[in-house]
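Quick note, the sequences are listed as chains A and B, same order.
In terms of my numbering, the first sequence is residues 3 to 118.
In terms of my numbering, the second sequence is residues 866 to 976.
By construction, the Cβ of each residue, glycine as well, lies at the ideal position given by its N, Cα and C atoms.
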Amino acid sequence: GAGVSQSPSNKVTEKGKDVELRCDPISGHTALYWYRQSLGQGLEFLIYFQGNSAPDKSGLPSDRFSAERTGGSVSTLTIQRTQQEDSAVYLCASSLEGLRVSGELFFGEGSRLTVL
Amino acid sequence: SQKIEQNSEALNIQEGKTATLTCNYTNYSPAYLQWYRQDPGRGPVFLLLIRENEKEKRKERLKVTFDTTLKQSLFHITASQPADSATYLCALLNQGGKLIFGQGTELSVKP
Chain A
3 GAGVSQSPSN KVTEKGKDVE LRCDPISGHT ALYWYRQSLG QGLEFLIYFQ
53 GNSAPDKSGL PSDRFSAERT GGSVSTLTIQ RTQQEDSAVY LCASSLEGLR
103 VSGELFFGEG SRLTVL
Chain B
866 SQKIEQNSEA LNIQEGKTAT LTCNYTNYSP AYLQWYRQDP GRGPVFLLLI
916 RENEKEKRKE RLKVTFDTTL KQSLFHITAS QPADSATYLC ALLNQGGKLI
966 FGQGTELSVK P
């Protein structure tokens with residue numbers, strides 16, 4: 003497809019379980035971002051990958067959160083030992099270049115996580 | 866502290882009128898500011914970018930202004946239509962190179 007693809011679109015899990023969320027960016031986009039959006043809230047920055055540089059992890063809320071990007075393409079966001087406050091929509095976005103060069107982010111439709 | 870603020874109250878206007886949404890920020894010196902549209906259950910979609918050296922940018926019925934002295938951007942939709950109903954998010958590039966979003970303002974255009 004031409005857009006950013008995220009899976010699963012919906013995930014319901016029990017407190018304490020681990021979850022993995024996947025993002026497939028637009029082909030050729032070097033930059034990839036993860037944001038979190040809680041109900042009625044704005045987007046909270048989580049992590050940013052730019053090419054082969056070390057990722058900017060400054061937005062990850064705790065060490066239960068981690069992300070990797072393999073081969074400069076697909077990214078996986080992992081949340082270990084999920085808590086109810088992790089319930090949110092996790093949005094992935096990609097851009098052709100880094101934000102300092104070009105600004106437009108292309109977002110996926112998000113993965114809605116519900117922790118019971 | 867650094868803040869980016871949008872009016873949290875929903876904006877309700879009549880079809881055909883101009884909608885004006887506000888984005889204020891404090892303790893940032895952004896190189897640019899962006900506006901996105903978000904429909905329920907969907908990801909945000911980019912609309913416009915305005916740089917710090919630009920006062921105004923237009924695209925079809927959309928107009929964005931950027932006042933770095935007031936630390937404010939205004940987003941206008943002229944001749945509004947019910948299809949313009951959505952949540953509109955502003956975002957700015959902070960000095961750390963991250964795009965920081967406001968909480969969004971919901972716009973409802975009534976026929």
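Element boundaries [beta strand (DSSP E), containing residue i]
{"i": "residue 869/B", "result": "868-871"}
{"i": "residue 28/A", "result": "Segment: none, residue 28/A is in no beta strand (DSSP E) and carries neither H nor E."}
{"i": "residue 921/B", "result": "921-924"}
{"i": "residue 904/B", "result": "Taken as a continuous stretch (DSSP letters only), residue 904/B belongs to no beta strand (DSSP E), as it is neither H nor E."}
{"i": "residue 973/B", "result": "970-975"}
{"i": "residue 37/A", "result": "33-39"}
{"i": "residue 78/A", "result": "77-81"}
{"i": "residue 914/B", "result": "910-916"}
{"i": "residue 6/A", "result": "Counting along the chain, residue 6/A falls outside any beta strand (DSSP E), and DSSP gives it neither H nor E."}
{"i": "residue 114/A", "result": "113-117"}
{"i": "residue 52/A", "result": "45-52"}
{"i": "residue 938/B", "result": "937-942"}
{"i": "residue 949/B", "result": "No beta strand (DSSP E) holds residue 949/B; DSSP gives it neither H nor E."}
{"i": "residue 963/B", "result": "Neither: residue 963/B is in no beta strand (DSSP E) and is coded neither H nor E."}
{"i": "residue 889/B", "result": "884-891"}
{"i": "residue 932/B", "result": "927-932"}
{"i": "residue 876/B", "result": "876-879"}
Expected contact under 8 Å - CB spacing of residue i and residue j to nearest Å
{"i": "residue 968/B", "j": "residue 866/B", "result": "No, residue 968/B and residue 866/B are not in contact; Cβ-Cβ is about 15 Å, not under 8 Å."}
{"i": "residue 33/A", "j": "residue 106/A", "result": "In fact, because the Cβ distance is near 11 Å, the residues do not count as touching under 8 Å."}
{"i": "residue 93/A", "j": "residue 41/A", "result": "About 14 Å; that fails the 8 Å criterion."}
{"i": "residue 38/A", "j": "residue 90/A", "result": "5 Å"}
{"i": "residue 951/B", "j": "residue 972/B", "result": "6 Å"}
{"i": "residue 924/B", "j": "residue 913/B", "result": "6 Å"}
{"i": "residue 942/B", "j": "residue 926/B", "result": "6 Å"}
{"i": "residue 43/A", "j": "residue 66/A", "result": "That pair is no contact at about 20 Å."}
Pair within 9 Å by beta-carbon distance, residue i and residue j
{"i": "residue 910/B", "j": "residue 903/B", "result": "yes"}
{"i": "residue 929/B", "j": "residue 922/B", "result": "yes"}
{"i": "residue 964/B", "j": "residue 893/B", "result": "no"}
{"i": "residue 77/A", "j": "residue 70/A", "result": "yes"}
{"i": "residue 53/A", "j": "residue 28/A", "result": "no"}
{"i": "residue 15/A", "j": "residue 84/A", "result": "yes"}
{"i": "residue 890/B", "j": "residue 869/B", "result": "yes"}
{"i": "residue 25/A", "j": "residue 11/A", "result": "no"}
{"i": "residue 814/B", "j": "residue 876/B", "result": "Outside the shown range of chain B (866 to 976) lies residue 814/B, about which nothing can therefore be said."}
Simplified DSSP state of residue i, which is helix, strand or coil
{"i": "residue 20/A", "result": "coil"}
{"i": "residue 70/A", "result": "strand"}
{"i": "residue 87/A", "result": "helix"}
{"i": "residue 96/A", "result": "strand"}
{"i": "residue 65/A", "result": "coil"}
{"i": "residue 101/A", "result": "coil"}
{"i": "residue 59/A", "result": "coil"}
{"i": "residue 956/B", "result": "strand"}
Query raised in the report: Which residues, in chain order, does the region 909-941 of chain B contribute to contact with chain A at a C-beta distance below 8 Å?
Result: Those residues of the region 909-941 of chain B that come within reach of chain A (Cβ to Cβ, closer than 8 Å) are 909, 910, 911 and 914.
Report task. May I ask you to list, following chain order, the residues of the region 943-961 of chain B that have a beta carbon less than 7 Å from some beta carbon of chain A? Result -> If the cut-off is 7 Å between Cβ atoms, the region 943-961 of chain B has 954 and 958 near chain A.
Requested in this report: Would you list, in chain order, the members of the region 961-976 of chain B that have their beta-carbon closer than 8 Å to a beta-carbon of chain A?
Outcome: Residues passing the 8 Å Cβ filter: 961, 962, 963, 964, 965, 966, 967, 968 and 969.
Query raised in the report: Listed in chain order, which residues of the region 868-901 of chain B have Cβ atoms closer than 7 Å to some Cβ of chain A?
Result: Within the region 868-901 of chain B, the qualifying residues are 897 and 899.
Query - Residues within the region 4-36 of chain A neighbouring chain B, beta-carbon criterion of under 7 Å - result: Per Cβ criterion, the list is empty.
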